[in-house]
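So the sequence shown is numbered by our numbering: it starts at 24 and just counts up by one.
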Amino acid sequence: MASTPDDDRERLKSALWFAVGQIVDEECLRRNRNATPQFIGALTEMVWTQIENVAVDLESFANHASRTNITTEDVLLLARKNPDLQQIMGEFIEERRGIKEAKMARNKSAGRRR
């Protein structure tokens, strides 16, 4: 039996609710506070709405560039209104590129030795 987009959406939303609930529970224990299920539900809805908005924006950026795939440039463009976040993300991307290039260089040099 194939799952429908609505089924997938509900499963994702349930997983988000569970994750938000765990984070809230951890913080409540750490701070000696209580949170109601209604609070967790409202927070989950707010996060879900933000995720949907981000997804639409990322799709729009990729479509505007005549691409079918979302790239790191799209994500950085999304973060443009938060310079600190954009800087952190840019540094992370550069670090990952450096690691990937180093790995490729190692593989290339290992191939020559054979």
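Positions of the beta carbon are idealized from the N, C-alpha and C atoms, including for glycine.
Asked                                                                                                                                                      : Found
Quick one: is VAL79 buried, meaning 16 or more other Cβ sit within 10 Å of its Cβ, or exposed?                                                             : exposed
In the region 27 to 106, which residue ranges form an unbroken alpha helix (DSSP H) of at least 4 residues, counting only runs that do not cross its ends? : 28 to 54, 60 to 87 and 95 to 101
Give a yes or no on whether the minimum CB-CB distance between ILE46 and chain D is below 8 Å.                                                             : Of the chains in the structure shown, none is chain D; there is only one protein chain.
Rounded to the nearest angstrom, what separates ALA128 and ALA65 at their Cα positions?                                                                    : 49 Å
Grab me the residues of ASN92's own chain with a C-beta within less than 8 Å of its C-beta, minus the 5 sequence neighbours each way, in chain order.      : ALA85
Do you know offhand how far ALA151's Cα is from LEU81's?                                                                                                   : Beyond the ends of the chain as shown, which are 24 and 137, falls residue 151; an answer cannot be given.
Return the CA-CA distance between MET69 and LEU39, expressed in angstroms with no decimal places.                                                          : 11 Å
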